[in-house]
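A quick write-up on the structure given underneath.
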Amino acid sequence: MTGRKRILERAVKELQDGMCVNLGIGMPTLIANMIPEDVDVMLQTENGLLGIGAYPKELEVDPDLINAGKETVTAKAGASYFDSAESFSMIRGGHIDLAILGGMEVSKNGDLANWMIPGKMVKGMGGAMDLVQGAKRIVVIMDHVNKHGESKVKNTCTLPLTGQGVVHCLITDLAVFHFPESGMELVELQKGVTLDEVKVKTEAVFVVSESLKVNK
Amino acid sequence: MTGRKRILERAVKELQDGMCVNLGIGMPTLIANMIPEDVDVMLQTENGLLGIGAYPKELEVDPDLINAGKETVTAKAGASYFDSAESFSMIRGGHIDLAILGGMEVSKNGDLANWMIPGKMVKGMGGAMDLVQGAKRIVVIMDHVNKHGESKVKNTCTLPLTGQGVVHCLITDLAVFHFPESGMELVELQKGVTLDEVKVKTEAVFVVSESLKVNK
Amino acid sequence: MDKVLSSLDEVMRQIKDGATIVVGGFGLCGIPEKLITSLRDKGVKDLTIVSNNCGVDDWGLGLLLENKQIKKMVASYVGENKLFEQQFLSGELEVELVPQGTLAERLRAGGAGIPAFYTATGVGTEVAKGKEHKEFDGKTYIMEKGIVGDFAFVKAWKADPFGNLVYRKTARNFNPVVATAGKMTIAEVEEIVGIGELNPDEIHTSGVYVQKVFVGENYEKRIERLTTANA
Amino acid sequence: MDKVLSSLDEVMRQIKDGATIVVGGFGLCGIPEKLITSLRDKGVKDLTIVSNNCGVDDWGLGLLLENKQIKKMVASYVGENKLFEQQFLSGELEVELVPQGTLAERLRAGGAGIPAFYTATGVGTEVAKGKEHKEFDGKTYIMEKGIVGDFAFVKAWKADPFGNLVYRKTARNFNPVVATAGKMTIAEVEEIVGIGELNPDEIHTSGVYVQKVFVGENYEKRIERLTTANA
């Protein structure tokens, strides 16, 4: 199993029946296709739709119906459309149960950096800064290390922040961390990953949960 | 002609073709029935309707369709319904061209008192404080003197204020005043009223417009 | 996701003495009749009620006054209610009068995660006393705070099982903002339709804000001021 | 009250160099195509444009970039546009990046007469720099200000002659808030219907906000990312 697949398969377990969920652009969007049939969730897209359906068949394609990643989508039964202010009232007001977002760096106190790299062209934060402050639970999914093998799980983020102390759960290809007030906690090892490997590849100081789950 | 009729007939002239107008509860509501056919205005009621129509015929009465005075009304072609936050976005945001409100006292600098009398039960300000701050033009209509013959046009309001320096035009049974920055100005005498009468019955200091209009 | 209740007992059991409840409606138009009478029957005390008006003596929120369940009322206009006056003058009832537009915006802000905003409404009046003042572009504004209730009582026309709501005419009024401003929002409706039967472009309140839906029967919809055209 | 224009010439004549224009749309979805191309043809310069995105290189607001008409762009995401990058790096283009929800709320606030509000969005990030911070219930928020444009460009689906607007699906996006935030709001639509033909319960933007209506033809409605289900 690739690291990406491990991340996604673990992330989809965060979705519980009855939730309203926002999936970030990029890797998180892929989760939409992996939701078990017995888990009934409503997916929100911040450009103004609650209840995203499948991608359209060719004849169903509608330029007036897209998601936040500007992809053509459909709406499922029970969906509603709304304007951008209303959309972020939902988000900012704590009415979205869960947001799953991609990350560039996460720090031990739950800071998230995922919107810009100094020196590269700034594309903009879109709705990410609103989501991390508003959704009830923030799950970040990312590779544990970058292409140079350096840990993306840091004591302090080096990139400009998207939000401070906002991450509730970090899922990487190696492990799952929670961020209680007592400090960053390793709660799961992905299949085939050892505690030593996580320790070596994690810059951030963390504690190991007493009930550490070792996925097999 | 009664004083009330004089006030209303003068007030209706404030309505211009194409305006969106809020008429306050009580005497201002009566203006709705006096609008000439060639003056096309949209009447707003702050409980959530732009485009008030006539009072309903008996069979048209709908408990879900009332004005801010809680009277049953109808909606005319081109009307729209909206929620209370949206309604006051229109008002506070300066999208209503004109509000005509009743008054208890108006001061020379355009303060308005029209919502409570100390010692009497407080009923509440409803939407009056929002209207006086938000509508583009505020016209107040009231009797010039109270039932004891005392001027309601004051140097300083004695009653608790609804708004400070908010009145653009005051129409009484005796006269019409404007409130430019240079100070309160008498601009019209109602039919059969002399300047002397207005001077005697007005506590507030005012200047007489060079182009004073004497209605006949 | 089926949020439809067969009775109001379950939600009423969750409401305890001292709760803050935000309630939709304007006058007697668009009020959650069934939720109010159910709360009256339940009898919890010391409630803080946030609603534009407080009903009339024998209907709407007036029923809770009659039953002495309200400790504090936050409203813009309470002039239709003699019981209100009596309880206020005797000191039994605490009252916070809020301009109507400020009340609507405070509820919207509460629901939208906005702790406070500035408005010119009330500047220079008793409403401004004790509030932070600030100038923007040479004009003075006061700071007003968002309101969130423990419970929100909403009346809509139609709902689907997910809690998407559609209102009718001016019965919409405060209901959509109230729906956003409750930690637990209960909507009572006249009709429930199947999922997918409401046009998604025409939904006024998304089900994301609604935790429970109840279908009421035999709505009274009392009229406060019956006015008709001269025949 | 007939606000329908037969051509855009009249309104374009009113737009001068240096104007601030708030523009609806998300990506290329629900953008005012005709107003943008008309503004490109008109050629006014030094514009401040407030819109969630800045189009792509050869469509939408990208046309104004191509024509070097934009002095300052206020947006939440501009990553689809190479011209943008070039002009920004060369210093021709000033950019203010605003979180998407804050941008929507700033436009709503501007339209609603609210000069400023507090939000947690951006606290502890570069967005918060230089902004007033304030605590409410132990949590820190920053103050953000309302935005009002000299002109607002809106795209809707249908309008009536009074300017009541109905949007379609996610082409609604920023358009309703943008409609409220212009001193002069111009709505372009695909279809005009007679007065009274829109159901008053289903109107998204009341005509009170709209000064002019224009009926466009042959909408391109370009798709940025065509994604379809596996057949």
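Protein chains in written order, with UniProt numbering: chain A, 1 to 216; chain B, 1 to 216; chain C, 1 to 231; chain D, 1 to 231.
Backbone N, C-alpha and C define an ideal beta-carbon position, used for all residues, glycine too.
Predicted, not measured: the structure shown is a model, and the values here were computed from it.
Two segments are said to touch when three or more pairs of C-beta atoms, one from each, lie closer than 8 Å; by this definition the segment 185-196 of chain D does not touch the segment 66-75 of chain B. Residue pairing by DSSP puts A:His178 in a beta bridge opposite A:Cys169, A:Glu185.
In this structure, DSSP gives C:Ile36 a helical state, which the three-state scheme calls helix. According to DSSP, residue pairing for D:Trp59 in a beta bridge involves D:Val56. In the structure shown, C:Leu93 adopts coil according to DSSP, grouped into three states.
According to the DSSP assignment, D:Thr185 belongs to the beta strand (DSSP E) that extends over 182-192. In the DSSP annotation of this structure, the continuous segment of the beta strand (DSSP E) that includes C:Met143 starts and ends at 139-145. Under the 8 Å Cβ criterion, the segment 25-36 of chain A does not count as touching the segment 153-160 of chain D, having fewer than three qualifying pairs.
Relative to D:Pro161, the option among D:Val208, D:Ile31, D:Arg225 whose CA is nearest is D:Val208.
The beta carbon of C:Cys54 sits no closer than 7 Å to any beta carbon of chain B.
The Cβ atoms of A:Val153 and A:Glu185 lie no closer than 7 Å to each other. Taking the Cα of D:Glu66 as reference, the smallest distance to any Cα among D:Val22, D:Asn81, D:Gly138, D:Gly163 is reached at D:Asn81. Apart from sequence neighbours up to five positions away, the residues of its chain that approach C:Tyr77 with a beta-carbon distance below 6 Å are Asn53, ordered along the chain.
Counting the other CB atoms within 10 Å of its CB gives D:His204 a total of 16 or more, which places it among the buried residues. Interface with chain C (7 Å Cβ-Cβ cutoff): B:Pro56 is included.
If you look at C:Ala116, you'll find it in the beta strand (DSSP E) that goes 116-119. Only buried fits A:Ala135, as 16 or more other CB atoms lie within 10 angstroms of its CB.
Sixteen is the threshold: when 16 or more other Cβ atoms of the shown chains lie within 10 Å of the Cβ of C:Asn173, as they do, the residue is buried.
Contact annotation, B:Lys108 with B:Ala204: C-beta distance approximately 4 Å; criterion of less than 8 Å satisfied. The segment 169-186 of chain D and the segment 111-118 of chain D touch, with no fewer than 3 CB-CB distances between them shorter than 8 Å. Approximately 5 Å separates the beta-carbon atoms of A:Asp97 and A:Cys20; this is inside 8 Å, confirming the contact.
A direct Cα-Cα distance of roughly 26 Å separates C:Gly163 from A:Asp62. Against D:Asn164, the close residues of chain B are Gly78, Ser80, in the order they occur along the chain (beta-carbon pairs closer than 7 Å).
Listed by position along chain D, the residues whose Cβ is nearer than 8 Å to that of B:Leu50 are Ser206, Gly207, Val208.
Interface residue (Cβ-Cβ distance to chain B less than 7 Å): C:Pro176 is classified as such.
In the three-state DSSP reduction, A:Glu210 falls in the strand class (E or B).
In the structure shown, D:Lys42 falls within a helical segment according to DSSP collapsed to helix, strand and coil. The beta carbons of B:Pro160 and B:Ala113 sit about 6 Å from each other, so the pair counts as a contact at 8 Å. In chain C, no part has a C-beta under 7 Å from the C-beta of A:Ala99; the shortest such distance is about 13 Å. Partner residues in the beta bridge of B:Ala75, as assigned by DSSP, are B:Ile52. For C:Gly101, the enclosing alpha helix (DSSP H) covers residues 100-111. Of all residues in the segment 114-125 of chain A, only Met121, Val122, Lys123, Gly124, Met125 place a beta-carbon less than 7 Å from a beta-carbon of chain D. D:Val11 is the residue among D:Val11, D:Met143, D:Ser7 whose C-alpha sits nearest the C-alpha of D:Phe151.
For B:Pro28 and B:Lys5, the gap between their C-alpha atoms comes out near 11 Å.
D:Tyr167 is the residue among D:Glu224, D:Thr227, D:Thr228, D:Tyr167 whose C-alpha sits nearest the C-alpha of D:Gly24.
D:Gly196 belongs to the set of residues whose beta carbon lies under 7 Å from a beta carbon in chain B.
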